[in-house]
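Participant: Heads up: the sequence shown begins at 18 in the numbering used here, then just goes up one per residue. Quick reminder that beta carbons are idealized off the backbone N, C-alpha and C, glycines included. Values in this document were obtained by computation on a predicted structure and should not be read as measured data. Mind having a look at this structure? Questions to follow.
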Amino acid sequence: MEDDNKFSYFFLGLGLGVAVGILFAPKSGAETRELIREKADEGKEYLKRRSDELKDTAAEALERSKQALAKQKEQLAAAVEAGKSAYREKVDKAAPAHAADDELIEGV
């Protein structure tokens, strides 16, 4: 985050420096305005490209996150199913032993 601020301040300073340099350059007003217009267009194009790159990066990160979440969900479901299966197996093994105990008690 701090690097982003440094990057932003760098370009802000660069833009201000260019603007001041252009305004004090020994050119006619029409030439200066045209140069400012060109630089503004370049800046807009740069910002558009950069925002498109950021959108693409965010979309890719979102897709990776969705895939990771789906994988975790599958693993959790498999773990829950394994736990249920182990529980059923233990209950099934214990049931015959309890049935034998019940028969002994009834016979007494």
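Where does VAL44 fall in DSSP's three states?
Facilitator: The residue you asked about is not Val; residue 44 is Lys in the sequence shown. It is coil, neither helix nor strand.
Participant: Kindly give me the distance between the Cβ atoms of GLY30 and GLY60, rounded to whole angstroms, as I take these residues to be in contact under 8 Å.
Facilitator: Wrong, their Cβ atoms sit about 14 Å apart, outside the cutoff.
Participant: Of all the CB atoms in chain C, is at least one closer than 9 Å to the CB of LYS56?
Facilitator: Considering every chain present, this structure includes no chain C. It has just one protein chain.
Participant: On a CA-only basis, which of ALA94, GLU77, TYR63 and ILE39 is nearest LEU52? Give me that one, please.
Facilitator: Of the candidates ALA94, GLU77, TYR63 and ILE39, the one whose C-alpha sits nearest the C-alpha of LEU52 is ILE39.
Participant: Taking the C-alpha atoms as reference points, what is the distance between GLU77 and ARG67?
Facilitator: Their backbone Cα atoms lie some 15 Å apart in a straight line.
Participant: Straight-line CA distance for ALA16 to ALA36?
Facilitator: Examination of residue 16 is not possible in this model, given that the chain is present from 18 through 125 alone.
Participant: Any heavy atom of the ligand MN inside 8 Å of the beta-carbon of LEU33?
Facilitator: Judged by which ligands are present, the structure shown has none, so any question about the ligand MN falls away.
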